[in-house]
Structure formats: structure tokens, C-alpha cells
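A short write-up of the structure that comes next.
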Amino acid sequence: MNFNSTIKAFKILLMYGKVFLFLFLALVFTHLSEAQEHYFSDDSKFSTNVSDLIVDDLLKVLPGDRVIGDKDAPITMIEYASFSCYHCALFHINILPIIEKEYIKTGKVLFIFRSFPLDYKSLKASMLGHCYNNTADYFAFNKAVFSLTDFWNNKSSSLTALENIARVSNISKEKFDQCINDSHVLNIIINQTLLATEKLKITGTPVFFINGKRHEGIHNLKYFTTLFDNMIK
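Last residue of the sequence shown: 233 in UniProt numbering, with the numbers rising by one and none dropped.
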């Protein structure tokens with residue numbers, strides 16, 4: 001069963017209880033562990049000192065960025081997304097896996113993900129994401145959250161869903177509570193969000209920058225593949 005089929009099966013099984021949620025999340029982390037070689041992040045620590053950054057800096061790999069692909073790829077694709085954004089979830093579930101297979105793993109595209117929380121739930125998810133130091137684990141977390149958008153966006157179950165994701169990836173309840181209440185991480189996220197708002201004029205998600213050019217909103221796969229193919233010619 002491929003990953004997208006697993007997601008569909010999960011939506012059917014969800015009604016049967018937490019055990020299926022746990023099994024599904026375990027499958028997500030196992031699935032993504034198969035391709036760790038093309039995941040990396042800058043070894044520098046995330047920094048709250050962003051006052052010196054200019055627009056051109058934001059269109060390149062920044063210290064602490066979560067990145068998939070070859071640093072020397074001819075195309076750099078940056079996504080600003082909120083974990084509670086439905087259109088962002090559609091991109092991550094339906095489009096990014098194909099881009100990853102055909103363009104990222106083949107060295108054509110470098111993909112950078114930057115969280116841009118739009119509400120309390122996405123802020124907590126973004127804070128939890130900072131607890132995943134290994135970039136492959138981070139993207140497994142990323143995919144799990146976006147795959148469960150309908151479920152975890154429910155106000156009464158959002159933190160429970162995040163806690164289950166953390167538990168499957170061996171983050172204890174104590175560590176989970178620390179992660180989602182870390183004031184230092186909160187300040188980093190606030191500063192990064194303000195920087196994107198002030199310098200790049202981002203007010204909603206998803207927003208993509210592909211070799212510096214802005215692309216807003218939801219687009220289908222053909223939109224991106226046509227764009228990439230024309231840039232590679």
C-alpha cells in the first residue's frame with residue numbers, strides 16, 4: 001500500500017478509535033525513514049537575531065531551514081505554510097510527493113519548508129516541530145500533521161493529535177509539554193513570522209518562492225511541473 005492509499009484507509013478507520021491513529025502515525029514515520037539521504041538542515045542553530053536579514057537572504061537557505069534535496073540544484077523552491085491550512089495540506093499530500101520523486105530526488109529542485117502559523121493550533125504544531133532535530137524525522141512529523149488536517153484541526157482534538165504524533169516518534173509526554181510551551185522557541189517563531197510578513201509581505205498561506213519568484217495560493221501539479229521543466233531547459 002502506498003502512502004496516499006494509507007491516508008485514505010486511515011480516514012475510514014479513524015472512527016474505530018485511537019489504536020488506528022497510533023498505527024497510522026507509526027506507518028508514516030516508518031515510510032519516510034526509507035529516504036533519509038536527501039534530507040538535511042543547516043547545522044547552525046535557529047537564531048532569533050533576524051534584524052540584519054534582507055529580502056535576498058530570505059530567498060536562500062537560512063540557518064535552521066528544513067530542506068530536502070541537493071544544495072546545488074538549479075531550482076530553489078521555498079514554501080511558507082501553516083499547519084492548519086487546508087490548501088497547504090493538499091499540496092503536501094497530493095503534489096509534494098510527486099515533486100519529490102521526479103524533481104527533488106533527481107537533483108533538479110531544492111525544497112525549503114518554512115512554517116508560518118496562522119492560529120493557535122498551527123503555532124503549537126510549529127513549536128513541536130522544533131523538537132525534531134533530525135530533518136528526516138521533521139518531515140515525517142510534517143507529513144503526519146498535514147495528513148491529519150481534518151482530524152487535528154478539530155478544536156477538541158488538536159493537541160491530542162499532536163501528542164499522539166509525538167508519542168509515535170518517541171517524544172515523551174514530558175518532552176511534548178516542554179516543546180509546545182518553550183518560550184525561546186516561541187520567540188524564534190514569532191520573529192520568523194514577523195520577518196516573513198514585513199520583508200516578504202506574507203499574510204496567508206501557502207506562498208511559494210521559486211528561484212525568487214512569488215507564487216501564491218493552491219496550484220495543481222501541472223502548474224509546478226510545467227514551471228520546473230521550462231526553467232530547466
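Just so it is clear, CB atoms sit at the ideal spot from N, CA and C, and this is done for glycine as well. Predicted model, so just to flag it, every value in this text is computed and none were measured.
Bounds of the beta strand (DSSP E) holding Ile210 are Val207 to Ile210. Shortest Cα-Cα distance from Lys222 to any of Ile98, Ser84, Ile180 and Leu128 involves Ile98.
Around the beta carbon of Ser172, fewer than 16 other beta carbons sit within 10 angstroms, so the residue counts as exposed. With contacts defined by Cβ atoms closer than 8 Å, Lys199 and Val67 do not form a contacting pair. Assignment of Phe113 by DSSP, reduced to helix, strand and coil, places it in the strand class. A straight-line Cα-Cα distance of about 37 Å links Asn230 and Leu128. For Val61, the secondary structure class from DSSP, reduced to helix, strand or coil, is coil.
Contact between Phe141 and Cys88 is ruled out by a C-beta separation of about 15 Å, above the 8 Å threshold. Taking all protein chains in view, the Cβ of Pro206 is crowded by 16 or more other Cβ atoms within 10 Å, so the residue is classified as buried.
Per DSSP, Ile78 is one residue of the beta strand (DSSP E) stretching across Ile75 to Ala81. The continuous stretches of alpha helix (DSSP H) do not include Ile104, and DSSP gives it neither H nor E.
Exposure of Tyr86 is indicated by the presence of fewer than 16 other C-beta atoms within 10 angstroms of its C-beta. Counting along the chain, the unbroken beta strand (DSSP E) around Ile68 starts and ends at Arg66 to Ile68.
For His215, the enclosing beta strand (DSSP E) starts and ends at Lys213 to Glu216.
In this structure, DSSP gives Tyr120 a helical state, which the three-state scheme calls helix.
No Cβ-Cβ contact shorter than 8 Å links Ile78 with Ile104. Secondary structure at Gly204: coil, using DSSP grouped into helix, strand and coil.
Note on geometry: alpha-carbon atoms of Gly64 and Lys233 lie some 31 Å from one another. Taking C-beta atoms as the reference points, Ala196 and Tyr80 count as a pair closer than 8 Å. Ranking Ile180, Lys201 and Leu110 by CA distance to the CA of Asp72 puts Leu110 first.
With respect to the C-alpha of Ser169, the residue from Thr160, Ala125 and Asp137 having the closest C-alpha is Asp137. With fewer than 16 other Cβ atoms inside 10 Å of its own Cβ, His184 counts as exposed. Taking the Cα positions, Glu163 is about 35 Å away from Thr106.
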